[in-house]
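Notes to accompany the following structure.
Numbering (the working numbering), first residue to last: 18 to 317.
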């Protein structure tokens, strides 16, 4: 089975309002995907295809599936003779899909490429305030099976289509700190003083956050922290495997890919957060380290 990772950051939306759509094409790399096929009659063509969608149907549109609270999606897969086939489907026959088993039993599927491309279409479920959508990595969207006998699909798909962690831009309605980068230099750090907990960290920096929207919204919002986890202390990953940075809001740790609740009044708001250096418990290597994260305003 092949895992086909799709970079969603190439998608874009025309607006931040519900119903706005975007799309991104996908393609297997390499073009010829490997696999295995079964035959009871020697060399044969694996002409049949099946695809499954991994999410439940959307409650907003019969043409889409619900990825999360912000996004619906659908998948279109291109075969050789037929393009833009909506997944899910089963027992789709393509006479030009000639690759298949080369002998009785299970043999390698050689030079196969039919079904190796398509399009993922996205649709916003609700208004997106902060100018971006965060997608965690590793979410399966759909899969594709290829097989010889109608009604007898393989037990393992040719590939699974999964997301890569990314941030997708949408037209901005609200900005944090005017969209400027928030720099948090910690200066020189004594490795013997690095704590494994944010509460005990002596290397801390507070930063003010201001929220400003181009509409007079008054509502509760969530400020989400999009970041790769360090793997310890609920910290943001840095370039040093034994050093992480924890973000705190009101003395509580904000876990990467989670967030905190706050409020906009007449399209504006403000808060402060603290960043603390933490360690894994091992002595970190000397030298500079860097890390990054993205703060995104979202609806609750």
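The beta-carbon is built from N, C-alpha and C at its ideal position, and this holds for glycine as well.
Note that the structure is predicted; figures quoted are calculated from it, not measured.
- For residue 232, same chain residues with a beta-carbon under 7 Å away, outside a window of 5 residues either side, are 190, 284 in chain order.
- Under the three-state reduction of DSSP, residue 196 is assigned to helix.
- Taken through DSSP and simplified to helix, strand or coil, residue 208 comes out as helix.
- For residue 74, there is no enclosing beta strand (DSSP E), as DSSP gives it neither H nor E.
- Residue 109 places its beta carbon less than 7 Å from that of residue 66.
- Taking each of 219, 149, 315, 40 in turn and checking the Cα distance to residue 136, the smallest one comes out for 40.
- No Cβ-Cβ contact shorter than 7 Å links residue 209 with residue 294.
- Membership of residue 265 in the beta strand (DSSP E) is indicated by the continuous run 260–266.
- With contacts defined as CB atoms closer than 7 Å, residue 117 and residue 161 fail to qualify as a contacting pair.
- Taking the C-beta atoms as reference points, residue 221 is found nearer than 7 Å to residue 291.
- Residue 140 places its beta carbon less than 7 Å from that of residue 38.
- Where residue 115 is concerned, there is no enclosing beta strand (DSSP E), because DSSP gives it neither an H nor an E.
- For the beta strand (DSSP E) assignment, the uninterrupted runs of no fewer than 3 residues enclosed by the stretch 83–116 are, from N- to C-terminal side, 88–95, 106–110.
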